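Trainee:
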Amino acid sequence: MVMHFAITALIYILLLVLTYEAIILNNSSTDKSIEIITLSFNRAYTILLFGLLIVYGMVKHPYTDFDHQTTSFLILGSKFISLLTLGGSFILLYRKSCKNFR
22 MVMHFAITAL
32 IYILLLVLTY
42 EAIILNNSST
52 DKSIEIITLS
62 FNRAYTILLF
72 GLLIVYGMVK
82 HPYTDFDHQT
92 TSFLILGSKF
102 ISLLTLGGSF
112 ILLYRKSCKN
122 FR
């Protein structure tokens, strides 16, 4: 049951971040918004890749014994950290571009 709440919270945060992305795309110039979105997604994908590599290393390590539920929570945690990175990058880069624009 806890897994359902974690997935629901992850989807809710994903919708918030993607809504903020749409706001950025509509409010700023096309070139600047595409640059912000591309850089933010590259950072998020990098964090997600490293998080999944860490989880894979922990699961394959011979002295750790994880069950399926713990592994699932670790994967959801790495996705959550990636979403926070994506949202934070959107906010910071958008504010930085607005300061430079003024």
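For the sequence shown, our numbering assigns the number 22 to the initial residue and increments by one for each residue that follows. Don't be surprised by glycine CBs; every beta carbon is placed ideally from N, CA and C. Fair warning: this is a prediction, and the values are worked out from it, not measured in the lab.
1. Quick check: what's the CA-CA separation for S118 versus F26?
2. What residue does the alpha helix (DSSP H) around Y33 start on, and which one ends it?
3. Return the CA-CA distance between L36 and T59, expressed in angstroms with no decimal places.
4. Nearest-angstrom Cα distance between M79 and D52?
5. For H89 and M24, what's the separation of their Cα atoms in angstroms?
Mentor: Judging by the given coordinates:
1. Against the sequence shown, residue 118 aligns to sequence position 97. Against the sequence shown, residue 26 aligns to sequence position 5. Their Cα atoms are separated by approximately 36 Å.
2. The residue given as residue 33 occupies position 12 in the sequence shown. Its alpha helix (DSSP H) spans residues 23-48.
3. Translated into positions along the sequence shown, residue 36 becomes position 15. Translated into positions along the sequence shown, residue 59 becomes position 38. Computed Cα separation, rounded: 18 Å.
4. On the sequence shown, residue 79 is found 58 positions in, with the first residue counted as 1. On the sequence shown, residue 52 is found 31 positions in, with the first residue counted as 1. Taking the straight line from one Cα to the other gives about 41 Å.
5. Taking the first residue of the sequence shown as 1, we reach residue 89 at position 68. Taking the first residue of the sequence shown as 1, we reach residue 24 at position 3. Whole-angstrom Cα-Cα distance: 12 Å.
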